[in-house]
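Asks:
Protein chains in written order, with the working numbering: chain Y, 1115 to 1442; chain C, 6 to 284.
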């Protein structure tokens, strides 16, 4: 960016400011400057998020199959056809989408719950200093730091039927199962996915809750101790309530990340996930890029977007913290 | 205020179990990467039948790992640098100026982060193809297209976090610099940026990790020459044999730099996340 660029007004905040501009030459520059600073971010957001979103909505009203992909503008309109197909729960496409939606909701609730529980417990237990705490803390961050695909590939190896660690431990060593189970196909795949998701996700909760704990003033604990409160009472009466604002943000972020997660199921199962672990994002990917029906895929995406908007909006309204975050 | 005995016992049990849960995959990755192929193809054993570094030599020739590595490095590096620079400007504008549309901007940018990547994938794929057809700029399949995509992934979070950081730098400091005749850009670079280094490091770490670990866009938007590690690692298992020992060796090679970097810089990331989430 050059200094001459700053002199070009991008937009004027008000006519009054423009009228005063000649008297104070720096004035106009001050008004346009913030917009210039924002320009790169704005252009990128437009190109990668906003324009594609509009295209996505347009696409969802078109009959967009592989024949039209080269020049998608010429694809015939289908009105609400794609939506009708997506929400016709008696027909195969709609039924599969509904199933996938319920799987995703169940998976997300369990995963977020477990991540939150484990992360909070670890953070609370490690609030006081003890020998080896630093080492343990670094270790606990490893799952978060590992690139998703290497972590998930390792878990995929552990879940292998013939040469995996999980079957070796459950069957050969502990004799808990009659015969080695399949983990990456069939009903067990749900638990395999959940395990990987929790393993990868809980350290984030740990990180955020640990940060939140640092903001609790020590005097609160001292006062409680003087009043004769025991360790557990201090945890229940001081630590957990003080974490409320942190938890409200944490749970929302975990929810959105888990609900939209594509990487974990995709690396674990490949392009088409088993029915029991068919998350919506992979489902839409498959509807679009495997069966080549981009119109239906887009309609499904828009429905997903509406659902997330409603849930997030409702959540933000319910939590006062959210209202503050929204006005930044 | 010694903790209660029940608390100490529960802590010991819980932390031991959790350590086991965290470490088992790490152990599997390390030990399997040192096993001969016959050992990883058969029944699992906790201890390798014989140690070998062969997988670490073979990974480079079984698939073009070095090329994937370079691609990932270029894509993630460029996305990180660009997203940090752009986020610094945007956050400075939001933190220091009042202007019309400020709220709309921050809310829009933040809310794009809640949408699933799959929502942008199809349209972006078409948009890149169309831009390519119309202008001859190859975005689809190129590293440039991927860089562009990735840098917006981390942008909303980076902007949000840096606004918090910049707000914590006293306004008097850069206003004094302005009075002394510095331009706004100079004030930003001389005063605000140095004071917000932890936040900027945190943002950079986050951006790099996001780009290094992304799978969805990498799997659709790359071709043979631009493929990144996220997609490239799957190539070890397309053959008749699945070279699990090589997959694990390659996974380790790919992970060690990121994990080491993260652990070194995690102080900053934690501080940054705190500023963002707790405030």
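By construction, the Cβ of each residue, glycine as well, lies at the ideal position given by its N, Cα and C atoms.
(1) Based on the DSSP secondary-structure assignment, which residues constitute the bridge partners of residue 227 of chain C?
(2) Threshold first: 3 residues or longer. Then list the beta strand (DSSP E) segments lying entirely within the region 81-161 of chain C, N to C.
(3) Using a C-beta to C-beta distance shorter than 7 Å, which residues of chain Y count as neighbours of residue 271 of chain C?
(4) Of the residues that make up the region 141-173 of chain C, which ones have a beta carbon closer than 9 Å to any beta carbon in chain Y?
(5) For residue 1313 of chain Y, go through chain C and note every residue whose CB falls closer than 8 Å to its CB, in chain order.
(6) Any beta-carbon of chain C closer than 9 Å to the one on residue 1139 of chain Y?
(7) Take residue 1312 of chain Y as the anchor and find which of Y:1247, Y:1290 and Y:1231 has the nearest alpha-carbon.
(8) State the Cα-Cα distance for the pair residue 1340 of chain Y and residue 7 of chain C, rounded to the nearest angstrom.
(9) Can you list, in chain order, the residues of its chain with a C-beta nearer than 7 Å to that of residue 15 of chain C? Leave out the 5 residues immediately preceding and following it.
(10) If we ignore side chains and look at the alpha-carbon of each, how far apart do residue 1213 of chain Y and residue 1146 of chain Y end up?
(11) Counting Cβ pairs closer than 8 Å, one from the region 1290-1301 of chain Y and one from the region 1201-1210 of chain Y, do we hit at least three?
(12) Assuming contact is defined by CB atoms lying nearer than 9 Å, are residue 32 of chain C and residue 88 of chain C in contact in what I supplied?
(13) Grouping DSSP H, G and I as helix and E and B as strand, with all else coil, what is residue 51 of chain C?
(14) Are the C-beta atoms of residue 122 of chain C and some chain Y residue less than 9 Å apart?
(15) Just reading off the alpha helix (DSSP H) that residue 1213 of chain Y is part of, what are its end residues?
(16) Give a yes or no on whether the C-beta atoms belonging to residue 1386 of chain Y and residue 1171 of chain Y are separated by under 9 Å.
(17) Following the continuous alpha helix (DSSP H) through residue 1427 of chain Y, name the residue where it begins and the one where it ends.
(18) Check residue 4 of chain C in the structure and name its three-state DSSP category.
(19) Less than 9 Å separating the beta-carbons of residue 1368 of chain Y and residue 119 of chain C?
(20) So, helix, strand or coil for residue 1314 of chain Y, using DSSP?
(21) Using a C-beta cutoff of 9 Å, does residue 207 of chain C count as contacting chain Y?
(22) For the region 1251-1290 of chain Y, which segments carrying the alpha helix (DSSP H) assignment without a break, of at least 4 residues, lie completely within its bounds, in sequence order?
(23) Output, in chain order, the set of chain C residues within a Cβ distance shorter than 7 Å of residue 1148 of chain Y.
(24) Kindly indicate which residue of C:159, C:138 and C:172 has the alpha-carbon position closest to the one of residue 212 of chain C.
(25) Can you name, in chain order, every residue of its own chain whose Cβ lies under 7 Å from the Cβ of residue 161 of chain C, other than the five neighbours on each side?
(26) Could you check the C-alpha separation between residue 1353 of chain Y and residue 1239 of chain Y for me, to the nearest Å?
(27) Roughly how many whole angstroms lie between the Cα atoms of residue 58 of chain C and residue 251 of chain C?
(28) Residue 1426 of chain Y to residue 103 of chain C, Cα distance in whole Å?
(29) Taking only beta-carbon atoms, is residue 1386 of chain Y less than 9 Å away from chain C?
(30) I'd like the span of the alpha helix (DSSP H) that includes residue 203 of chain C, first residue to last.
(31) Determine the DSSP secondary structure at residue 1353 of chain Y, reduced to helix, strand or coil.
(32) Is the distance from the Cβ of residue 1224 of chain Y to the Cβ of residue 1308 of chain Y below 9 Å?
(33) What in chain C is Cβ-close to residue 1299 of chain Y, meaning under 8 Å?
(34) Would residue 16 of chain C pass as an interface residue toward chain Y - the criterion being a Cβ-Cβ separation below 9 Å?
(35) Starting from the C-beta of residue 246 of chain C, find all residues in its chain whose C-beta is less than 8 Å away, skip the five residues before and the five after it, and write them out in chain order.
(36) Between which residues of its own chain and residue 1402 of chain Y is the CB-CB distance below 6 Å, once the five residues before and five after are set aside?
Replies: According to the structure shown:
(1) C:146
(2) none
(3) 1255
(4) 153, 154, 156, 157, 158, 160, 161, 164, 165 and 168
(5) 26, 27 and 30
(6) Only weak support is given to the placement of residue 1139 of chain Y: the predicted model assigns it a pLDDT of 49, under 50, and the value that follows is read from those uncertain coordinates. Not one chain C Cβ lies under 9 Å of residue 1139 of chain Y.
(7) Y:1231
(8) 13 Å
(9) none
(10) 51 Å
(11) no
(12) no
(13) coil
(14) yes
(15) 1206-1239
(16) no
(17) 1408-1432
(18) Outside the displayed span of chain C (6 to 284) sits residue 4 of chain C, for which this structure offers no information.
(19) no
(20) helix
(21) no
(22) 1262-1272
(23) 98, 102 and 104
(24) C:159
(25) 114, 115, 117 and 118
(26) 11 Å
(27) 10 Å
(28) 28 Å
(29) no
(30) 202-218
(31) helix
(32) yes
(33) What residue 1299 of chain Y touches in chain C: nothing, since even the nearest Cβ is about 16 Å away.
(34) yes
(35) 42 and 46
(36) 1408 and 1411
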